[in-house]
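Q: Sharing a structure with you now.
Numbering (this note's numbering), first residue to last: 187 to 417.
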């Protein structure tokens, strides 16, 4: 709903042509797609080689090739004792874990590095618009758990959630199973319809404005023609 309201406000405040750039979110690539996901492609992995400069690991970001997970490392994020570089690997996990008491709406990813992490890193995970919004990002050292809840930061982009982590391991975004309700499920089904209706309303509301903009020009043209005839 917030996305629809933001869209309407932006649409009324920008010049014509804004609508040309509006497009739905990129489809999410699931390891285990839900029925409502439709056609699905398998998710990508990622790899990063971090250079060591003057005895410190260089700042850099690792990400999957499809952009569904990004992790950013600060300068000196790793203990590089005896290392000439640091290799980071991001892998989507299969089969999908189903921990007791939790519901994951993203893939589970394993992030590993061949050097210990010593500084907090920023983690961003993208999720699907056909799923319920995740409340938290969860981290575990093993697929068997336990899963540690990481508080999410303010959302900077639609369909993404982010946090900070001082450890690597398994990561997934989701919410406690107790948060699932019939009402929330219904809202997820109705939301795309509401957004579509509001977008159509904005487009239709722009038509009278376009007509009003043209009328003064036409009226001026008629007066000029009448003056020419009088002469």
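For glycine and all other residues, C-beta sits at the position ideal for the given N, C-alpha and C.
(1) Only counting the same chain, and skipping five residues up and downstream in sequence, which positions put a Cβ closer than 8 Å to that of residue 266?
(2) Starting from the C-beta of residue 222, find all residues in its chain whose C-beta is less than 8 Å away, skip the five residues before and the five after it, and write them out in chain order.
(3) Which residue wins for smallest C-alpha separation from residue 335, given the options 298, 285, 303 and 345?
(4) Looking at the structure shown, is residue 340 part of a helix, part of a strand, or coil, going by DSSP?
(5) Which partner residues does residue 350 have in the DSSP bridge list?
(6) Looking only at C-alpha atoms, which of 277, 312 and 324 sits nearest to residue 231?
(7) DSSP puts residue 248 in a beta bridge; with which residues?
(8) State the start and end residues of the unbroken beta strand (DSSP E) segment that holds residue 290.
(9) Could you tell me the distance, in whole angstroms, from the CA atom of residue 287 to the CA atom of residue 213?
(10) Please name the residue, chosen from 324, 306 and 245, that lies closest to residue 291 on a Cα-to-Cα basis.
(11) Report buried or exposed for residue 337, applying the criterion of at least 16 other Cβ atoms within 10 angstroms of its Cβ.
(12) Quick one: what does DSSP say residue 390 is sitting in, helix, strand or coil?
(13) In whole angstroms, what is the alpha-carbon distance linking residue 320 and residue 303?
(14) Quick check on DSSP: helix, strand or coil for residue 362?
(15) Would you call the CB atoms of residue 264 and residue 256 closer than 9 Å?
(16) Comparing C-alpha positions only, which one of 253, 356 and 340 sits nearest to residue 327?
(17) In three-state terms, what does DSSP make of residue 283?
A: Well, looking at it:
(1) 238, 241, 242, 243, 272 and 301
(2) 316
(3) 285
(4) coil
(5) 308
(6) 277
(7) 257
(8) 288–290
(9) 27 Å
(10) 324
(11) exposed
(12) helix
(13) 26 Å
(14) strand
(15) no
(16) 356
(17) coil
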